[in-house]
Amino acid sequence: MEHGETDKYTESLNNNMTCADTINMAITNSYLGDFRYDLRTAVKTAVDQHGSERVSWVLANTLQRKDFDGRFSEKNKEWAKAFPIPDCRQNVYYVVNAHPALLDAFIRYHREGLQLNKAPEAKKPSARGELQKEKDTLQQNKPVKAPAKPGIEI
């Protein structure tokens, strides 16, 4: 309110709630029968509609609110703790309410997708490799001496 961003805040809150509903519906709609789900497609559906950043935020908020539930993996809980989500009552409005076992798998697939889409980190060149390149360059640029020609005496 102090910064005149109430409209942006309300819009973001509404988008988070819509995202949570989308995740719930995507999980429900991924049911294949015989207790089988296509959760990878459910993740793709949610990410295509809301983007991976918002989906991550909503999932992290959900896990932070349900940290007590032992049906979520420790890896997923640790991932969620990395998000600095403020502790305010409005966050309860965008908690995903799917079955914890399904939601845990959904989160795992989402995290895998984030890793696959992550740009590979540039490797730091080794000092030894840089020195060898420099040495090779110096040897290549070294002037070649012409062989001595026998002199002609008159």
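Residue numbers are given in my numbering: position 25 of the sequence shown equals residue 55, and the series is strictly consecutive. Heads up, the beta-carbon is just placed ideally off N, CA and C, and yes, glycines get one too. All figures in this text were calculated on a predicted structure; none of them were measured in a lab.
Paired residues, beta bridge with residue i - DSSP
i: Gly63; result: Arg66
Inter-residue CB distance, residue i and residue j (contact presumed, cutoff 8 angstroms)
i: His140; j: Val85; result: 6 angstroms
i: Asn46; j: Trp87; result: 7 angstroms
i: Asn91; j: Tyr124; result: 6 angstroms
i: Ser103; j: Arg138; result: 7 angstroms
Inter-residue spacing [alpha-carbon to alpha-carbon] between residue i and residue j
i: Ala112; j: Asp64; result: 36 angstroms
i: Ala72; j: Gln79; result: 11 angstroms
i: Thr167; j: Leu146; result: 37 angstroms
i: Phe98; j: Glu32; result: 35 angstroms
i: Gly34; j: Leu144; result: 33 angstroms
i: Asp117; j: Lys165; result: 58 angstroms
i: Pro114; j: Gln170; result: 54 angstroms
i: Gly81; j: Lys74; result: 9 angstroms
i: Asp37; j: Leu62; result: 40 angstroms
i: Glu142; j: Asn59; result: 21 angstroms
i: Lys105; j: Glu41; result: 31 angstroms
i: Val122; j: Lys148; result: 30 angstroms
Beta-carbon proximity of residue i to residue j, cut-off 8 angstroms
i: Tyr67; j: Ile53; result: no
i: Leu89; j: Lys107; result: no
i: Ala131; j: Arg101; result: yes
i: Leu43; j: Gln120; result: yes
Nearest residue (CA-CA) to residue i, options the options
i: Ala50; options: Cys118, Glu83, Gln162 and Asp97; result: Glu83
i: Lys96; options: Gln170, Leu133 and His33; result: Leu133
i: Met55; options: Asn127, Gln169 and Leu43; result: Asn127
i: Thr48; options: Leu62, Asn59, Ser60 and Ala76; result: Ala76
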